[in-house]
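**Q**
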Amino acid sequence: MKGSIRIDQERCKGCSLCMEFCPKKAIFLSDTLNVKGYFVVSFDEGRECTGCATCAVMCPEVAIEVFRN
Ligand code: SF4
Ligand code: SF4
10 MKGSIRIDQE
20 RCKGCSLCME
30 FCPKKAIFLS
40 DTLNVKGYFV
50 VSFDEGRECT
60 GCATCAVMCP
70 EVAIEVFRN
């Protein structure tokens with residue numbers, strides 16, 4: 010199964026839980042600051058996201074939306 014995610018960067022607090030638990034290492038810490046002053050994570054479309062939704066489940070800020078296609 011293939012998937013993709015959308016990260017709401019204004020909700021993200023850069024805790025990196027999603028990164029640590031993604032089995033495909035498809036999420037990385039960016040050098041972008043959000044309005045709250047946190048470095049936020051981004052999705053690497055070049056990795057093979059499966060749409061497993063582990064990242065969304067782990068995110069304490071409910072900042073990740075998962076799409077399966
Ligand atoms: S849905 Fe799964 S594979 Fe895709 S970014 Fe999230 S944890 Fe990684
Ligand atoms: S788990 Fe949520 S709050 Fe933490 S870095 Fe990932 S998207 Fe941001």
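Numbering of the sequence shown is given in the working numbering, commencing with residue 10 and proceeding in unit increments.
By construction, the Cβ of each residue, glycine as well, lies at the ideal position given by its N, Cα and C atoms.
In this text the structure is predicted, and so the values were computed from the model without any measurement.
#1: Following the continuous alpha helix (DSSP H) through GLU19, name the residue where it begins and the one where it ends.
#2: Considering VAL75, what are the terminal residues of the beta strand (DSSP E) in which it resides?
#3: According to the neighbour-count rule (16 or more other Cβ atoms, all chains shown, within 10 Å of its Cβ), is VAL49 buried or exposed?
#4: Determine the direct distance from the alpha carbon of MET28 to that of SER51, and round the result to whole angstroms.
#5: Cβ atoms of ASP53 and PHE76: under 8 Å apart, would you say?
**A** In terms of the structure at hand:
#1: Run containing GLU19: none; DSSP gives neither H nor E here.
#2: VAL75 -> beta strand (DSSP E) spans 73-77.
#3: Per the 10 Å Cβ criterion, buried.
#4: Each residue's alpha carbon lies about 9 Å from the other.
#5: Note that the C-beta distance between PHE76 and ASP53 is not below 8 Å.
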